[in-house]
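Residue numbers are given in the UniProt record's numbering: position 113 of the sequence shown equals residue 113, and the series is strictly consecutive. Below is one structure, written out as structure tokens; the observations come after it.
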Amino acid sequence: MAGTGKSASGNTILGQKHFVSRPSSTAVTTNCQNVQTEISGVDVNVIDTPDIFDDDMKSSVRDKHVKRCKQLYESGPFVFVLVMHVSRFTDGERDIMEKLEKAFGREVRGRTIILFTRGDDLQQAGMGLEDFLHSCQPDLKKILEKCGKRCVLFENHRSDSAQVEKLMDNVIRVTEEKQK
């Protein structure tokens, strides 16, 4: 899902700019990249990807990106952070969990956290995350159900460590559940 803020979110999580992120009508990220760091005492490997589910992408290129992602996360506990624009839900996102499962396996459901970008859009509308989740489209609710309703709200124009801490709380919870 190009343009949702994957790279910007990666930079927010890392606390500094590592991934190229800029407004563009075409995809900015063309290869899987990763940066390792420590957040709240936890070693973290943040992986930024191109839109590997772009309908225009050749399956051989998609397979190459999926293989690279698997290589980058195979060395330890991992979660999938599905980055979605809070103010926009597209047709291409309706079956995103199925696409993720096909590419990475059924365990995706138990390892996915949705990160909604553009959190200020909700604030400007006088809504909180709970209000949004209650009133969102049925197809988005299905996606939330499939990943255990794990989600966080992000605003990438702020260096608010509280939003990263909320994400890390979810990450730690998921990895602990999977290690049991």
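For every residue, glycine included, the Cβ atom is placed at its ideal position computed from N, Cα and C.
Listed in chain order, the alpha helix (DSSP H) elements of length 4 or more contained wholly in the segment 59–95 are 59–73.
Using a Cβ distance threshold of 8 Å, Thr117 and Asn156 count as a contacting pair. Rounded to whole angstroms, the gap between the alpha carbons of Pro50 and Gly76 is 22 Å. Following the DSSP letters along the chain, one finds Thr112 inside the beta strand (DSSP E) bounded by residues Thr112 to Thr117. Between the alpha carbons of Gln123 and Asp55 lies a gap of roughly 32 Å. Counting only the Cα atoms, Ile96 lies some 20 Å from Leu167. Where Val174 is concerned, the enclosing alpha helix (DSSP H) starts and stops at Ser161 to Gln179. Judged by their CB atoms, Lys67 and Gly110 are not nearer to each other than the 8 Å cut-off.
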